[in-house]
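Taking it in order: structure first as structure tokens, then the write-up.
There are 2 protein chains.
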Amino acid sequence: MSRSVTLEAVDGVEACCSPLTGGILADAAAEQLAGVFKAMADPARVKLLSLIAASEGGEACVCDLTAPLGLSQPTVSHHMKLLVGAGLIEREQRGKWAYYRVNDDTLDRLARAVAPG
Amino acid sequence: MSRSVTLEAVDGVEACCSPLTGGILADAAAEQLAGVFKAMADPARVKLLSLIAASEGGEACVCDLTAPLGLSQPTVSHHMKLLVGAGLIEREQRGKWAYYRVNDDTLDRLARAVAPG
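Here it is, written out as structure tokens:
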């Protein structure tokens, strides 16, 4: 299940990352870019991204993330679902726990899309 | 008035642009970064940014922006206020009209903050 979510998300991000200031964006490109920004438009999700990136080996499970944010596991899982859906985070199930890492490729595309033309 | 709004916004952006994946973000930095993403988390505002950047001389007045988006002037003005507040757009009043241009410095800071560490 996590795999299909990730693939959809990557498709979305590929389509979305037209440069913001490289010409008038088509409606679909503007919607997809806005969708990725929406996933990052919450302080808890921004902090989750920075926490995962700073974790040992660049990966973390939900069990590592609840205490630093002072949030419940269901709340963290909800935020993670939105980040995975936007292609910003990759999820891998290993036994009981799901492990998350930042999708550097998406961040790189997004940075290039935002950079002034 | 537009000047004080712009200055506040630039302060916010300066504080916010800690790298997303360069260490665990403090709460205040995460909030400010999320605030900038929130301003971009709407397809109409993403499209406004691209329209202004693509305008002749890199600037546009509200009168240039209503028709391409099919939105009323009050609605466009509302979106512009949020973009100016986030430091993404600069506003200059000249006579009857306000003119807007993209703040390349903010986009550059944001792109560097988003780029993988």
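Residue numbers (this note's numbering), protein chains in the order written: chain H, 867 to 983; chain E, 867 to 983.
Idealized CB from N, CA, C, for every residue including glycine.
query, result
"What residues in the stretch 895-929 of chain E have a beta carbon less than 7 Å from any beta carbon of chain H?", "896, 897, 899, 900, 903, 904, 906, 907, 908, 909, 912, 913, 915, 916, 917, 919 and 920"
"Here's the rule I'm using: 16 or more other beta-carbon atoms within 10 Å means buried, otherwise exposed. How should residue 956(E) be labelled?", "buried"
"Is residue 980(H) near residue 980(E), with beta carbons less than 8 Å apart?", "yes"
"Counting only beta-carbon atoms, is residue 891(E) nearer than 8 Å to chain H?", "yes"
"Express the C-alpha separation of residue 886(H) and residue 930(H) in angstroms, rounding to a whole number.", "35 Å"
"So if I threshold CB-CB distances at 8 Å, which residues from the stretch 967-978 of chain H count as touching chain E?", "968, 970, 973, 974, 976, 977 and 978"
"List in chain order: all unbroken alpha helix (DSSP H) runs of 4+ residues lying wholly within the stretch 877-906 of chain H.", "893-905"
"Using C-beta distances below 7 Å, list every residue in its chain close to residue 983(E), excluding the 5 sequence neighbours before and after it, in chain order.", "885, 887 and 888"
"Out of 944(E), 910(E) and 897(E), point me to the one whose CA is closest to residue 912(H)'s CA.", "897(E)"
"Would the beta-carbon of residue 954(H) fall within 8 Å of that of residue 972(H)?", "yes"
"Name the two residues that bound the continuous alpha helix (DSSP H) containing residue 979(H).", "970-980"
"What are the boundary residues of the alpha helix (DSSP H) that includes residue 933(E)?", "928-935"
"At the 8 Å Cβ level, is residue 982(E) part of the contact set with chain H, yes or no?", "yes"
"Around the C-beta of residue 909(H), are 16 or more other C-beta atoms found within 10 angstroms, so that it is buried, or is it exposed?", "buried"
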